[in-house]
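Enquirer:
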């Protein structure tokens, strides 16, 4: 069975785009090469490079984490990229709605 991933792309303008996919590398290719399969945001800022991806438990969890990831300010996404060990803390913290939030970045 395939596993869902949460991923981040870095676009040509240095912006970050987060999403979910069963195959993050393939999804990055689609964003760059297949207009009908790309998000409008990434298509307008091609090329995009996959800078991070992390497997998650299931699709429902992936969707919840994607929602929270997309709402993080750029500064916090950059902090997570600069400190890869903190991703696991962030993921665990955000899987539980009672403790969701970016506070793991400032601990």
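In this note's numbering, the protein residues as written are 1 to 107.
Each residue gets a CB set at the ideal place from its N, CA and C atoms; glycine is no exception.
The model shown is predicted, which means the values in this text are computed figures rather than measured ones.
Roughly how far, in whole angstroms, is the beta-carbon of residue 29 from the beta-carbon of residue 42, given that I think they are within contact range, below 8 Å?
Expert: Between residue 42 and residue 29 the Cβ distance is about 11 Å, and since that is not below 8 Å, they are no contact.
Enquirer: Using a Cβ-Cβ cut-off of 7 Å (strictly less than) and excluding sequence neighbours within five positions of residue 25, which residues of its own chain qualify?
Expert: Cβ neighbours of residue 25 beyond the five flanking positions: 50.
Enquirer: What ranges does the alpha helix (DSSP H) occupy inside the segment 29 to 102, keeping only unbroken runs of at least 4 residues that lie completely in it?
Expert: Runs found: 40 to 43, 59 to 71, 74 to 82, 85 to 95.
Enquirer: Assign residue 27 to one of two classes, buried (16 or more other C-beta atoms within 10 Å of its C-beta) or exposed (fewer than that).
Expert: Result: buried.
Enquirer: For residue 77, I'd like the list of residues in its chain whose CB is within less than 8 Å of its CB, leaving aside the five on either flank, ordered along the chain.
Expert: Closer than 8 Å at the Cβ level, and outside the excluded window around residue 77, lie 8, 16, 18, 69.
Enquirer: Using three-state DSSP, classify residue 12 as helix, strand or coil.
Expert: Note: residue 12 maps to coil in three-state DSSP.
Enquirer: Alpha carbon to alpha carbon, what distance is there between residue 36 and residue 11?
Expert: Near 18 Å, if we compare the C-alpha coordinates of residue 36 and residue 11.
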